[in-house]
Amino acid sequence: MAKIDPTARVENPAGLADDVEIGPYTVLGPDVVLKEGVKLLAHVNIQGATTIGARTTVYPFAALGTAPQSVHYKGERTALVIGSDCIIRENATASIGTAGGGGVTRIGNGVMMMTGSHVGHDCTVGDSVIFANNAVLGGHVSVGEFTFLGGQCAVHQFTRIGAQCMISGLTGVREDVIPFGNVLGQAGKLVGLNVIGMKRRGFSKSDLHAARAVYRDLFFGEGTFEARLETVREQAATSAFAAAVVSFIDADRKRPICQPSRGVIKEE
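Residue numbers (the working numbering): 4 to 271.
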């Protein structure tokens, strides 16, 4: 049977796997589903139609599945889905979705949300993303897998961040970030590629050289950005990095792409 502290409040018919652990003074709403091995350490508040995947651990004072911080939300039934093997630390928050945004906020597997981090309504967060302390996402943001969000960074609503990006601490992200991008600054600009992260995931020297070449062609080549994008598009058949960048840009052209502020390429 589930191990539930006598001070916890669990509303029926919350769906609990047999081996979940619910610590002192935790509050669960009736539409919460906890998969096998979930641990809620203490003082956790989970509401709404929230599903938490297997082996995820939630630390004190986290608030999950609460109503969206949106003036357009009128109480409709929406959801929050959190994957397996996540770590959600103290005071982290994540909202359910809104009807106008698709209705579901999704957080992938193996995500770590450090103290005070926030996932806004209708966001989609990929697997193995790390939120440092107080990193926050506005509504409708998408974040690709293996991305690192530095402490106290803030991502504007509707922004897209590609896979394996590095968003530095205290950075404000207002434009879409290409996969593997490294963004820095109060008004965030690209300062190169997330080379350290790429090395950690086993990218070879030849892979890194090829990625840097595509980066230079796209942001420092001749002509307009559209002309440079066509040059990179021609490389997509033989370059996995070029293909990933082109696919990301083509997926949604409504918002501007984050670009370097100066003619500088940062080399790690």
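Note that beta-carbon positions come from the ideal geometry of N, C-alpha and C, so glycine has one too.
All of these numbers come straight from a predicted model, not from anything done at the bench.
Sequence-distant residues of the same chain with beta carbon closer than 6 angstroms to isoleucine 133, five excluded per side
Met115, Phe151
Any alpha helix (DSSP H) of 4 or more consecutive residues that is wholly inside the region 23-52
none
Coil, strand or helix - glycine 266 by DSSP
Note that glycine 266 scores a pLDDT of 47, beneath 50, so its modelled location is shaky and nothing firm can be said.
By how many angstroms is the C-alpha of valine 74 removed from the C-alpha of threonine 241?
47 angstroms
Report the option in Gln160, Tyr62, Asn137, Phe251 whose CA atom is closest to the CA atom of isoleucine 25.
Tyr62
Give the C-beta separation of lysine 38 and isoleucine 49 to the nearest angstrom, bearing in mind that I take them to be a contact with Cβ-Cβ under 8 angstroms.
Contact doesn't hold; Cβ gap of about 13 angstroms is too wide.
Rounding to the nearest angstrom, what Cα-Cα distance links arginine 177 and valine 158 in this structure?
6 angstroms
Compare the beta carbon distance of threonine 81 and alanine 95 with 8 angstroms and say whether it is the shorter of the two.
no
Euclidean distance between Cα positions of glycine 266 and phenylalanine 223
Since pLDDT at glycine 266 reaches only 47, below the 50 mark, its modelled position is unreliable, and the value read off the structure follows with that caveat. Their Cα atoms are separated by approximately 7 angstroms.
Report, in whole angstroms, the separation of the C-beta atoms of threonine 118 and serine 98, which I expect to be a contact under 8 angstroms.
About 18 angstroms separates the two Cβ atoms, so there is no contact after all.
Measuring only the C-alpha atoms, how far is glutamate 237 from arginine 258?
23 angstroms
In this structure, how does DSSP classify lysine 6 when only helix, strand and coil are distinguished?
strand
Measuring alpha carbon to alpha carbon, tell me which of Thr234, Leu19, Gly147, Gln155 ends up nearest proline 182.
Gly147
Within its chain, find whatever has a CB closer than 6 angstroms to the CB of leucine 19; leave out the 5 residues flanking it on each side and keep chain order.
Ala5, Leu37
Look at cysteine 126 and valine 144 and say whether their C-beta atoms are less than 8 angstroms apart.
yes
If you measure from the CB of glycine 18, is any heavy atom of the ligand SAH nearer than 7 angstroms?
This structure does not include the ligand SAH; it has no bound ligands of any sort.
Let me know the secondary structure DSSP gives valine 144 once reduced to three states.
coil
Select from Gly105, Val180, Thr108 the residue whose C-alpha is nearest the C-alpha of proline 263.
Val180
Exposed unless 16 or more other CB atoms sit within 10 angstroms - verdict on serine 250:
exposed
With arginine 219 as the anchor, note down where its alpha helix (DSSP H) starts and where it stops.
208-223
Can glutamine 155 and glycine 123 be called in contact, C-beta distance under 8 angstroms?
no
Could you name the residues of the same chain whose beta carbon sits closer than 6 angstroms to that of threonine 29, not counting the 5 residues immediately before and after it, in chain order?
Ala11, Leu43, Val47
Within this structure, are the beta carbons of proline 27 and asparagine 15 separated by less than 8 angstroms?
no
With which residues is arginine 109 paired in a DSSP beta bridge?
Val84, Thr127
Throw me the rounded Cβ distance for the glycine 205 and glycine 184 pair, which I believe falls under 8 angstroms.
Between glycine 184 and glycine 205 the Cβ distance is about 19 angstroms, and since that is not below 8 angstroms, they are no contact.
Bounding residues of the alpha helix (DSSP H) (the contiguous stretch that carries serine 98):
Careful: serine 98 lies outside any alpha helix (DSSP H), inside the beta strand (DSSP E) at 96-98.
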